[in-house]
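As structure tokens, the structure follows; a few thoughts come after it.
Protein chains: 2
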Amino acid sequence: MLSKIEHIALAVSDLEAAIDHYTQIWGLSLEHRETVEDQGVEEAMFRLGDSYLQLLAPLSPESPVGRFIRRSGEGLHHIAYEVDDIEQALSDLKKSGVTLIDEQPRTGSRGTKIAFVHPKGNLGLLVELVQKS
Amino acid sequence: MLSKIEHIALAVSDLEAAIDHYTQIWGLSLEHRETVEDQGVEEAMFRLGDSYLQLLAPLSPESPVGRFIRRSGEGLHHIAYEVDDIEQALSDLKKSGVTLIDEQPRTGSRGTKIAFVHPKGNLGLLVELVQKS
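See the structure below:
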């Protein structure tokens with residue numbers, strides 16, 4: 001079902017400061033930046049091998065990532081797995097009894113098809129499925 | 134400095150149940166399993182593309198992962214980056230003012246050289262550096 005880790009998402013409060021941190025201290029190069037109004041975030045993507053490191057900054061304190069940071073602080077937010085057929089993956093997961101946040105794919109950043117899987121019933125892990133366009 | 138995401142580590146309470154979950158629901162194959170007394174964990178590794186998903190179960194409630202689960206529940210624990218030269222990476226990070234948990238590499242699972250970087254001063258992210266043997 002899963003072909004690879006598409007990205008690891010990190011919640012950050014200050015996107016500019018976090019981009020500086022990953023550029024200057026960790027030596028990564030910023031590859032993509034996008035505001036995703038639907039998810040209430042501004043994101044920055046750094047390529048790391050065959051995957052990305054994704055920084056997610058909340059557009060408002062009441063957005064999901066804003067509430068996450070208030071509750072848990074900055075840090076690891078979710079993993080995104082790349083899949084070839086997101087509709088099939090969602091159907092298989094639903095049959096397995098996994099709780100889906102998105103029963104149908106929606107449009108993510110970079111024109112991808114995405115869907116989230118609830119951490120409840122998935123050993124505490126928030127998962128995003130990503131199908132490239 | 135970083136060549137790729139070597140693994141994503143997930144804290145789990147019950148390793149057998151978690152292995153079943155990742156095998157049966159997510160279709161992954163268990164590739165390696167090892168008890169690392171030094172870190173107070175039993176771990177299970179699943180290959181996922183060019184990286185691994187690592188499950189970490191505490192050997193005792195007072196181990197670091199045991200305390201993590203009591204405090205935060207099961208879920209994302211740390212990211213491990215692969216580096217070519219771990220001594221050089223630690224030296225560069227120290228010069229950048231990053232707080233190191235391990236000033237010198239120690240032996241990790243699979244005979245790797247590893248060192249941890251403190252989440253404080255790294256935007257809340259616990260990082261493991263891994264150099265393959």
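The listed protein sequences correspond, in order, to chains A and B. Under our numbering, the first sequence has 6 at position 6, and the numbering climbs by one with no breaks. In our numbering, each residue carries its 1-based index in the second sequence increased by 133. The beta carbon of each residue, even a glycine, is placed where N, CA and C say it ideally should be. Note that the structure is predicted; figures quoted are calculated from it, not measured.
#1: Can you find the residues in the same chain that come closer than 7 Å, C-beta to C-beta, to lysine 253 of chain B, ignoring five residues on each side of it along the sequence?
#2: Do you know offhand how far threonine 112 of chain A's Cα is from isoleucine 86 of chain A's?
#3: For the segment 137 to 147 of chain B against the segment 10 to 26 of chain A, are there 3 or more C-beta pairs whose distance is under 8 Å?
#4: What's the gap between the Cα of arginine 203 of chain B and the Cα of asparagine 122 of chain A?
#5: Quick check on DSSP: helix, strand or coil for serine 96 of chain A?
#6: Taking the C-alpha atoms as reference points, what is the distance between glycine 199 of chain B and glutamine 172 of chain B?
#7: For serine 242 of chain B, does the count of other Cβ atoms within 10 angstroms reach 16, so buried, or fall short, so exposed?
#8: From the beta carbon of valine 130 of chain A, is the nearest beta carbon of chain B less than 7 Å away?
#9: Name, in chain order, the residues that DSSP records as bridge partners for glycine 75 of chain A.
#10: Which residues, in order along the segment 82 to 101 of chain A, keep a beta-carbon less than 9 Å from a beta-carbon of chain B?
#11: Hey, out of A:Leu48, A:Lys94, A:Leu126 and A:Ala57, whose CA is closest to histidine 140 of chain B's CA?
#12: Any C-beta of chain B within less than 8 Å: which residues of the segment 15 to 41 of chain A qualify?
#13: Cutting at 7 Å between CB atoms, please list the residues of its own chain near aspartate 235 of chain B, excluding the five before and the five after it.
#14: Chain A partners of leucine 181 of chain B, CB-CB under 7 Å?
#15: Give the residues of chain B in contact with leucine 125 of chain A, contact being defined as C-beta atoms less than 9 Å apart.
#16: Comparing the C-beta of isoleucine 212 of chain B with each C-beta of chain A, is any distance below 7 Å?
The relevant details are as follows:
#1: Thr232
#2: 10 Å
#3: With the cut-off at 8 Å, the segment 137 to 147 of chain B and the segment 10 to 26 of chain A do not touch.
#4: 17 Å
#5: coil
#6: 11 Å
#7: buried
#8: no
#9: A:Ala11
#10: Glu82, Asp92, Leu93, Ser96, Gly97 and Val98
#11: A:Leu48
#12: Ala18, His21, Gln24, Ile25, Trp26, Gly27 and Leu28
#13: Ala248 and Phe249
#14: Think of a sphere of 7 Å around the beta carbon of leucine 181 of chain B: the chain A residues whose beta carbon falls inside it are Leu2, Lys4 and Ile5, in chain order.
#15: Leu143, Glu207, Gly208 and Leu209
#16: yes
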